[in-house]
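Okay, structure first, notes after.
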Amino acid sequence: MGGFDMAITLSINGAARSVDAPDDMPLLWVLRDELNMVGTKFGCGAGLCGACTVHMDGAAVRSCQTPLGAVGAAKITTIEGVGETPIGAAVQKAWVAVDAPQCGYCQAGQIMSASALLAATPKPTRTQITQGMSGNLCRCASYHRIMDAIELAAKETSHAG
Amino acid sequence: MQAELSRRSFLRASALAGGGLLVDFSVPVHAAQGAAVLTAFVAIDTSGAITIAARNPEMGQGIKTSLPMIVAEELDADWAQVRVEQADLDPARYGPQFSGASMSTMMGYLPMRQAGAAARDMLVRVAAARWGVAVAEISTAASVAHHKASGRSLPYAALAQEAAGLAPAKPGDLRLKSPEQFTIIGSRRGGVDTPKIVRGDPLYSIDTRLPGMLHAVFVGPPSPGAVLRRVDDAAARAMPGVKAVIPIQGVKAKGTFAGSVDSLTDGVAIVATNWWYAQQARDKLVLEWDESAAQGHGDAAYAARAKALLDAGGGKVAFKAGDAKAALGKAAKVISARYDYPFVAHNTLEPQNCTALFKDGKLTFWAPAQQPENGRKLVAQCVGVAEGDITVHVTRIGGGFGRRLMSDFMAQAGAIAKAMPGVPINVLYNRTDDITHDFYRPAGWHKFKAGIDQSGRLTAFTNHFVSFGPGEDPQFFANMAPFHMPEGLIPDIEMTHSVFPTIMPLGAMRAPTSNAHAFVFQGFLDEVARAGGRSLPALMLDLFTADKQFGETDKAGETPRSFNTARARAVVQKAMAMSDWGNVPRKPGIGRGFAFYFCHRGYFAEVVEVAVKGKAVTVRKVWAAGDVGRQIVNPLGAEAQVRGSILDGLSQALNGQKITIENGRVQQSNFHDHPFARIDRLPPVEVAFVPSDAQPGGLGEPALPPVIPALANAIFDATGKRLRSMPFAL
Ligand code: FES
Ligand code: FES
């Protein structure tokens, strides 16, 4: 038992959060069940669906495949905080403008992948969008609107920039 | 009867005593304090904010937006001031509260209009009394009542408290708008939850967090019908974070839904402070299951049995007109073929889960249920708490597709919660639990024969359908629609079936039965059309030449169930026109296919264009023309449903979806072996609605079925290879 009585401090959405959990607990379950930050979703637990996508130092990672011990001092951004960044806010706005969600369950992960994609590639081609987003499954197949939303957000952010 | 019930129930207007909030379930959930409650569906607070209750569970089909739009239309509400709240389960008050079979719009269209009109009428009567003018002189718009002659106006907020004290009019006495007056119905409105979804707000059952809540896994039977013989949980109990290990004894339920397939199975719950701890601990459980019930049940054994039945021929007659055998004998040409399709799983992206709290003898649920009322019945039977002591809060659902018509997860959550009084429990499946404990779209096998005359006209048709059932007839979900084309369209036709039993739990998959039968029937009819030197749309138009209405019986005031050849013709012609069918020059490796299908009271004709290189199929474009009645409530949502349905159908056919079974054990475990299309399979989909004068129907399903045969027919057109088995393999 135990073995995790040393609290770890994480940087999540710009705030220091202390958690008392073992090194091998996936970040997803630290967020959802230790910190009750439930915006990040569980879909497959195997890196196959992207529902659990968060940013680690700005890069999209699958939190179900990221053990707590691998996070260290990295800055974590989740769907609850991504709207604080200009790109994240633009992506969320575009998502509302095109009404992307159907059931909506995948959309937090989609938005996290899309905002990481736009941060790295401000004016992506369709092929680059396809590549950047193909790890994110939408069971409702809302892909047409996801594509539209990313193109709209790219337009808005590149205007602003 | 259900429509009557809903009408009766919403007309209990009740004023809300300040402070007595939420005690009375007749109040729309979370209506602001001091709000005036006009009908079950409408509350208006003093600031002018209007709360409209959404009665059906939202699972992505857009009903939480579209039904309140209908209420707001007749209420003449300012949509910008409308807040929508999901109603708790209370069918006596709200009417039928299930989401399935594309029925929410068709069942809600009139009652929701009446709910809005009744509230508006109460507000108008108050305004008329205040101004001392006739009701007829008052007009309303955007949450304001106007008296034109005197130039006076009052916002609804100023009228609502008094209006809540009035008795509502009888539904039959209410004047409803004519469609030209609509300003909200028929307009493009974003989903009411969309802004919350993009912020990651906790909307789903899986997001429920309550003080002291614990997380659970339910380790269910490895094969259907398995009986738990022995549990050694010592090692699991010693794992970090584990609070309890609870063996659950199964209870077979009766009469909740579809032949009692929905039950509480044997299993062991592990309850922990974090779901991941429960998940880690399950590997330490030592369980001994008796799996003898499922021995011999497998997809290969089923296929062999079906083949033998098709070889033997015959079967029980399900439909017969004229003399199909004689007509086949006289035909200029006879075409025959066999078709089949596999079991598939739903795989909603939000895995099955449910939260329950047992306290003071009462159970409270936060449930992602498509049929919360059936869920409550199931819980009452399996957990032993009276229905009257069970409260169900309906959460947003992370994908339904028919999986959550079953409420097994509610029974599990209830059983675990009952064993831990006072502790809220969320039970959550992992993806493998979800795939291996589904209610599957059943496999099926068909043998067709058709006769055509010299000019390629269809003159004879037989179908032998092999499916599952305990007796002589296919069981629910493994059956065929009560009416099936080309019944009623040619004089000599015979449909027969043979069945054998399965132990696998079967269920409804988006566009149940149709999602498979459209493929086999429209795929085969494409073969027939080509054998006669014609195209499938030409053959279908030929069958639909005469104006006819037949099949299932219609009921007054309901979305018609019968098949109407004029409506069918209109969508076929529209799809042909949209795609410029027949006028596009042929190119090597490129093919086009067509299909038409009528199901869930909707008509869809679709054209698919593919490019095939080697074994790789690229869908270049899809055109879809649909008729679901005279009114599309929210075109923005409607287009999303059609596009999503079409990509879903393509995904079933092209991504290799197939559940395989050995001795009752499902072999698939996650998205790698039961895959879905990604954003890289994204053809443009052009959608057109062809309005008819019929009462509106739903859109969650009818666009899906025809895309699969249209794809098969397109691949044939491109390659000459006929696909008669799903999933498609070139
Ligand atoms: S839950 Fe992490 S990729 Fe699916
Ligand atoms: S919107 Fe339902 S899974 Fe994407």
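If you're matching them up, the sequences are chains A and B in order. Be aware that the first sequence starts at 46, since it is given in the working numbering, and climbs by one per residue. Be aware that the second sequence starts at 15, since it is given in the working numbering, and climbs by one per residue. Note that beta-carbon positions come from the ideal geometry of N, C-alpha and C, so glycine has one too.
Closest residue to residue i among the options (Cα-Cα distance)
{"i": "ALA118 (chain A)", "options": "A:SER63, A:GLN155, A:ALA159", "result": "A:SER63"}
{"i": "GLY375 (chain B)", "options": "B:GLY428, B:LEU168, B:GLY234, B:ALA381", "result": "B:GLY428"}
{"i": "LEU323 (chain B)", "options": "B:PHE379, B:ASN361, B:SER512", "result": "B:SER512"}
{"i": "SER593 (chain B)", "options": "B:ALA639, B:HIS460, B:ALA258", "result": "B:ALA639"}
{"i": "GLY130 (chain B)", "options": "B:ALA148, B:LYS257, B:VAL96, B:GLU364", "result": "B:VAL96"}
{"i": "SER56 (chain A)", "options": "A:VAL75, A:PRO67, A:ASP69", "result": "A:VAL75"}
{"i": "VAL647 (chain B)", "options": "B:SER659, B:ASP694, B:LEU713, B:ILE673", "result": "B:LEU713"}
{"i": "VAL699 (chain B)", "options": "B:ALA295, B:GLU676, B:SER659, B:GLN666", "result": "B:SER659"}
{"i": "ALA163 (chain B)", "options": "B:GLY328, B:VAL149, B:TYR170, B:PRO169", "result": "B:VAL149"}
{"i": "HIS478 (chain B)", "options": "B:ARG548, B:GLU508, B:SER118", "result": "B:GLU508"}
{"i": "THR202 (chain A)", "options": "A:ASP65, A:THR130, A:GLY149, A:GLN147", "result": "A:THR130"}
{"i": "ASP247 (chain B)", "options": "B:ALA292, B:SER219, B:VAL408", "result": "B:ALA292"}
{"i": "LYS184 (chain B)", "options": "B:ALA133, B:ARG736, B:SER219, B:LEU228", "result": "B:ALA133"}
{"i": "ASP447 (chain B)", "options": "B:ARG679, B:GLY436, B:LEU173", "result": "B:ARG679"}
{"i": "ALA94 (chain B)", "options": "B:GLU653, B:GLN100, B:MET83, B:ILE439", "result": "B:MET83"}
{"i": "HIS407 (chain B)", "options": "B:ALA381, B:MET424, B:GLN395, B:ALA174", "result": "B:ALA381"}
{"i": "ARG575 (chain B)", "options": "B:THR60, B:GLY62, B:MET121", "result": "B:MET121"}
{"i": "VAL622 (chain B)", "options": "B:VAL636, B:PHE612, B:LYS266", "result": "B:VAL636"}
Proximal residues of chain C, C-beta to C-beta of residue i below 8 Å
{"i": "VAL141 (chain A)", "result": "Included in the structure are the protein chains A and B, with no chain C among them."}
Status (buried if at least 16 other CB within 10 Å, exposed otherwise) for residue i
{"i": "PHE608 (chain B)", "result": "buried"}
{"i": "PRO42 (chain B)", "result": "Because PRO42 (chain B) carries a pLDDT of 42, less than 50, the predicted location of this residue cannot be relied on, and the following value inherits that uncertainty. Looking at its Cβ environment, which holds 16 or more other Cβ atoms inside 10 Å, PRO42 (chain B) is buried."}
{"i": "ARG692 (chain B)", "result": "buried"}
{"i": "GLY34 (chain B)", "result": "Since pLDDT at GLY34 (chain B) reaches only 18, below the 50 mark, its modelled position is unreliable, and the value read off the structure follows with that caveat. By the 10 Å Cβ count, GLY34 (chain B) comes out exposed."}
{"i": "ARG189 (chain B)", "result": "exposed"}
{"i": "PHE564 (chain B)", "result": "exposed"}
{"i": "GLU566 (chain B)", "result": "exposed"}
{"i": "HIS161 (chain B)", "result": "buried"}
{"i": "GLU194 (chain B)", "result": "exposed"}
{"i": "ASN288 (chain B)", "result": "buried"}
{"i": "LEU461 (chain B)", "result": "Reading off the sequence shown, one finds Lys at residue 461 (chain B), where the question assumed Leu. With 16 or more other Cβ atoms within 10 Å, it is buried."}
{"i": "LYS86 (chain A)", "result": "buried"}
{"i": "ASP304 (chain B)", "result": "exposed"}
{"i": "LYS339 (chain B)", "result": "exposed"}
{"i": "ALA165 (chain A)", "result": "exposed"}
{"i": "GLU302 (chain B)", "result": "exposed"}
{"i": "GLY651 (chain B)", "result": "buried"}
{"i": "LEU36 (chain B)", "result": "Summary for LEU36 (chain B): the model assigns pLDDT 20, below 50, so the residue's position carries little reliability; its value from the coordinates is reported in the next sentence. LEU36 (chain B) should be labelled exposed."}
{"i": "GLU401 (chain B)", "result": "exposed"}
{"i": "HIS498 (chain B)", "result": "buried"}
{"i": "GLU486 (chain B)", "result": "exposed"}
{"i": "ALA61 (chain A)", "result": "exposed"}
Beta-carbon separation (whole angstroms), residue i vs residue j, contact threshold 8 Å
{"i": "VAL633 (chain B)", "j": "VAL624 (chain B)", "result": "6 Å"}
{"i": "LEU4 (chain B)", "j": "MET126 (chain B)", "result": "The structure shown has nothing for residue 4 (chain B), since chain B only spans 15 to 744."}
{"i": "MET253 (chain B)", "j": "GLY416 (chain B)", "result": "Not really, about 36 Å apart at Cβ, beyond 8 Å."}
{"i": "ALA145 (chain A)", "j": "ARG190 (chain A)", "result": "4 Å"}
{"i": "LYS735 (chain B)", "j": "ALA545 (chain B)", "result": "Their Cβ separation, rounded to whole angstroms, is 16 Å, which puts LYS735 (chain B) and ALA545 (chain B) out of contact at 8 Å."}
{"i": "ALA584 (chain B)", "j": "VAL704 (chain B)", "result": "5 Å"}
{"i": "PHE475 (chain B)", "j": "PRO500 (chain B)", "result": "6 Å"}
{"i": "GLY670 (chain B)", "j": "PRO741 (chain B)", "result": "5 Å"}
Against chain A, which members of the region 344 to 372 of chain B pass a CB distance test of less than 8 Å? Within the region 344 to 372 of chain B, the qualifying residues are ASN361, THR362, LEU363, GLU364, PRO365.
Which residues, in chain order, does the region 278 to 290 of chain B contribute to contact with chain A at a C-beta distance below 8 Å? The residues in question are THR287, ASN288, TRP289, TRP290.
Can you confirm whether the region 242 to 252 of chain B touches the region 453 to 460 of chain B when touching is taken to mean that 3 or more C-beta pairs between the two stretches lie within less than 8 Å? The region 453 to 460 of chain B vs the region 242 to 252 of chain B: no contact.
Using Cβ-Cβ distances below 8 Å, what residues of the region 214 to 237 of chain B are close to chain A? Cβ contacts with chain A: GLY214, ASP215, PRO216, LEU217, TYR218, ILE220, ASP221, ARG223, HIS229.
Contact the region 140 to 159 of chain A vs the region 81 to 100 of chain A: 3+ CB pairs below 8 Å: Touching, yes.
Contact residues within the region 659 to 679 of chain B, judged by C-beta distance below 9 Å to chain A: Answer in chain order: SER659, ILE660, LEU661, ASP662, LEU664, SER665.
Check each residue of the region 74 to 85 of chain A: if its Cβ is closer than 9 Å to any Cβ of chain B, include it; give the result in chain order. Within the region 74 to 85 of chain A, the residues whose Cβ lies closer than 9 Å to any Cβ of chain B are, in chain order, TRP74, VAL75, ARG77, ASP78, GLU79, ASN81, MET82, VAL83, GLY84, THR85.
When you check each C-beta in the region 179 to 191 of chain A against every C-beta of chain B, which residues fall closer than 9 Å? Cβ contacts with chain B: SER179, GLY180, ASN181, LEU182, CYS183, ARG184, CYS185, ALA186, SER187, TYR188, HIS189, ARG190, ILE191.
Taking any Cβ of chain B, which residues in the region 109 to 130 of chain A have a Cβ under 8 Å from it, in chain order? Listed in chain order, the positions of the region 109 to 130 of chain A with a beta carbon within less than 8 Å of a beta carbon of chain B are THR123, ILE124, GLU125, GLY128.
Near-chain A residues of the region 647 to 659 of chain B - C-beta to any C-beta below 7 Å: Answer set for the region 647 to 659 of chain B: LEU650, ALA654, ARG657, GLY658.
Whether or not the region 520 to 535 of chain B and the region 576 to 591 of chain B are in contact is what I'm after, with contact meaning three or more pairs of Cβ atoms, one per stretch, closer than 8 Å; do they touch? No, the region 576 to 591 of chain B is not in contact with the region 520 to 535 of chain B.
Meets three-Cβ-pair contact criterion under 8 Å: the region 379 to 389 of chain B and the region 485 to 494 of chain B: In short, these stretches do not touch, since the Cβ pair count stays below three.
Using a Cβ distance threshold of 8 Å, determine whether the region 586 to 606 of chain B contacts the region 725 to 736 of chain B, with at least three qualifying pairs required. Touching, yes.
Would the region 663 to 672 of chain B and the region 355 to 363 of chain B be scored as touching if the rule is three or more Cβ pairs under 8 Å? Because the criterion of three Cβ pairs below 8 Å is met, the region 663 to 672 of chain B and the region 355 to 363 of chain B touch.
Determine which residues of the region 131 to 161 of chain A have a Cβ less than 7 Å from any Cβ of chain B, and write them out in chain order. The residues in question are GLN137, TRP140, VAL141, ASP144, PRO146, GLN147, CYS148, GLY149, TYR150, CYS151, GLN152, ALA153, ILE156.
Could you tell me whether the region 55 to 73 of chain B touches the region 102 to 116 of chain B, where touching means 3 or more Cβ pairs closer than 8 Å? Judged by Cβ distances under 8 Å, the region 55 to 73 of chain B makes contact with the region 102 to 116 of chain B, as three or more pairs qualify.
Whether or not the region 312 to 330 of chain B and the region 118 to 128 of chain A are in contact is what I'm after, with contact meaning three or more pairs of Cβ atoms, one per stretch, closer than 8 Å; do they touch? Result no; under three Cβ-Cβ pairs closer than 8 Å.
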